[in-house]
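Below: the structure, in structure tokens.
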Amino acid sequence: MKLLEWFGLQGGAAAGSKGKVTHTVNVAPGGQSFEVEKGRKVILNSALSAGLGFPHNCRVGSCTQCKCKLKSGKVRELTDSSYVLSAEDLKAGMILACQSIPETDLEIEVDLTSGGDRLVETRGTIVGQKDLTHDIVELRVALDDPMPFKAGQYAEIRLEEFSLSRNYSFAMAPKGQEAGELVFHVRKVPGGKFTEWLFAANRQETRLSMSGPFGDFYLRPAEGEKPAPIVCVAGGSGMAPILSLLEQAKWAGETRDAVYLFGARTQRDLYAEEEIGRIQQGWRGSLNFKQVLSEEPENSSWSGARGYVTDELDKLQLDWPDVQAYLCGPPAMIDAAIAKFSKLGVKPENIRYDKFE
Numbered sequence: 001m002k003l004l005e006w007f008g009l010q011g012g013a014a015a016g017s018k019g020k021v022t023h024t025v026n027v028a029p030g031g032q033s034f035e036v037e038k039g040r041k042v043i044l045n046s047a048l049s050a051g052l053g054f055p056h057n058c059r060v061g062s063c064t065q066c067k068c069k070l071k072s073g074k075v076r077e078l079t080d081s082s083y084v085l086s087a088e089d090l091k092a093g094m095i096l097a098c099q100s101i102p103e104t105d106l107e108i109e110v111d112l113t114s115g116g117d118r119l120v121e122t123r124g125t126i127v128g129q130k131d132l133t134h135d136i137v138e139l140r141v142a143l144d145d146p147m148p149f150k151a152g153q154y155a156e157i158r159l160e161e162f163s164l165s166r167n168y169s170f171a172m173a174p175k176g177q178e179a180g181e182l183v184f185h186v187r188k189v190p191g192g193k194f195t196e197w198l199f200a201a202n203r204q205e206t207r208l209s210m211s212g213p214f215g216d217f218y219l220r221p222a223e224g225e226k227p228a229p230i231v232c233v234a235g236g237s238g239m240a241p242i243l244s245l246l247e248q249a250k251w252a253g254e255t256r257d258a259v260y261l262f263g264a265r266t267q268r269d270l271y272a273e274e275e276i277g278r279i280q281q282g283w284r285g286s287l288n289f290k291q292v293l294s295e296e297p298e299n300s301s302w303s304g305a306r307g308y309v310t311d312e313l314d315k316l317q318l319d320w321p322d323v324q325a326y327l328c329g330p331p332a333m334i335d336a337a338i339a340k341f342s343k344l345g346v347k348p349e350n351i352r353y354d355k356f357e
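Numbering (full-length UniProt numbering), first residue to last: 1 to 357.
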């Protein structure tokens, strides 16, 4: 889960405004352009609303994937980008699209991806809520309007009574949206406004505002005649996007072998075994699922792996350079996994991750 301050940038143009109520952003190369509401929306959200494939991931100014070059015009930054952008980037005029509001018409330079996901802003109703573990619940939301997404992406959820919004990954394959519902896994954060409210009672029939999809964490196609296996590593509610990714891959007839390592502290933190089991039954290749516990009491009934998921990677005999790695979970786990995959020789471009803070 990521925490995103909601600055009220989703509303329409200010009432009573005169003249032009938008700024035009021209994109090079390619010649595309889109409009941004004056003083209200950041560049990234407006580009996504226009259906452009603007590179991004975290949307809170930390991953830098949305950085672009400001060739002309002026922007107002919501946060100081100097702590994440290098001195060379700043000298070259780079800005973060997720943190920049145009104050004039702009020209920016960025490589747009093909087939961008159009941003959907809608509302929905909580229609289901159940405990998955002692600190994770499943939330089912019926949307007023469809929200097409790729497995592994996430949506922003907002409650009008709070001044904060939360980002949660879809815990289902896009194919499952045919039922008209979206599924999310929400982990309780001590002191967190949203999760304290959610866990205090059953919140069915509550209305929510939602926007999405966001993120570029999705399964890439196989490469070569004998593609290397897929290796997934997750912890906590990081189960959600991996579940979505693997379920969709099964429906699509994925033939690559796959390994899924799920790290947890103790047995009470484990869940979704049945869902993974159903995916394994329909997987055309080999899908090996292994749970690893780091703090399970020595005298317990647990007979599975102990330690850290990164230790289990050393035991795999794989053609590491071409492996595709997909990582979701707490920052410490993900940082350790990235370091381990790099040490094993996995190409940097083959390591995809989503840190749940």
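Glycine included, each C-beta is placed from N, C-alpha and C at the ideal position.
DSSP places N57 in the coil class of the three-state scheme, outside both helix and strand. As computed with DSSP, A264 is found in a beta bridge with L293. Less than 7 angstroms separates the beta-carbon of I108 from that of L70. If you look at D131, you'll find it isn't in any alpha helix (DSSP H); it sits in the beta strand (DSSP E) that goes V120 to D131. Here the stretch 85-96 does not lie against the stretch 46-60, with fewer than 3 beta-carbon pairs under 8 angstroms apart. Relative to the Cα of L159, the nearest Cα in the group S33, R256, G31 and F194 belongs to F194.
With fewer than 16 other Cβ atoms inside 10 Å of its own Cβ, E298 counts as exposed.
In the structure shown, the three-state DSSP call for P330 is coil.
E181 is bridged by DSSP to A142.
Ranked by Cα distance from E121, the options E35, I334 and M147 are led by M147. If you draw a 10 Å sphere on the C-beta of Y83, you find fewer than 16 other C-beta atoms in it, and that means exposed. DSSP places M210 within a strand segment (E or B) once states are collapsed to three. One alpha carbon belongs to L246, the other to S294, and they sit about 24 angstroms apart. In this structure, P221 keeps its C-beta atom at 7 angstroms or more from the C-beta atom of R256. The alpha carbon of P29 has as its nearest neighbour, out of V110, A336 and C232, the alpha carbon of V110.
Per DSSP, the unbroken beta strand (DSSP E) holding M94 starts and ends at M94 to L96. In this structure, G238 is the residue among G238, V259 and K347 with its C-alpha nearest to the C-alpha of L270.
Taking C-beta separations shorter than 8 angstroms and ignoring five residues to either side along the sequence, the partners of R187 in its chain run M1, D135, I136, T195, G236, S237 and F356, following chain order. Under the three-state reduction of DSSP, Y218 is assigned to coil, being neither helix nor strand.
Residue state for S82 is assigned as helix, using DSSP reduced to three classes. Inter-residue distance for T24 and G285 is about 49 angstroms (C-alpha atoms, whole angstroms). Per the C-alpha coordinates, the member of V141, D311 and I334 positioned closest to E205 is V141. For N45, DSSP assigns no beta-bridge partner whatsoever.
E225 and G253 have their C-alpha atoms some 17 angstroms from each other. In this structure K74 touches E103 by the C-beta definition: roughly 5 angstroms separates them, less than 8 angstroms. Residue environment: K315 is assigned as exposed (fewer than 16 neighbouring CB atoms within 10 Å of its CB, all protein chains considered).
The beta carbon of V309 sits closer than 6 angstroms to the beta carbons of V233, L261, G263 and V292 from its chain, once the five residues preceding and following it are set aside; these are given in chain order.
Exposed is the label assigned to R268, since fewer than 16 other Cβ atoms lie within 10 Å of its Cβ.
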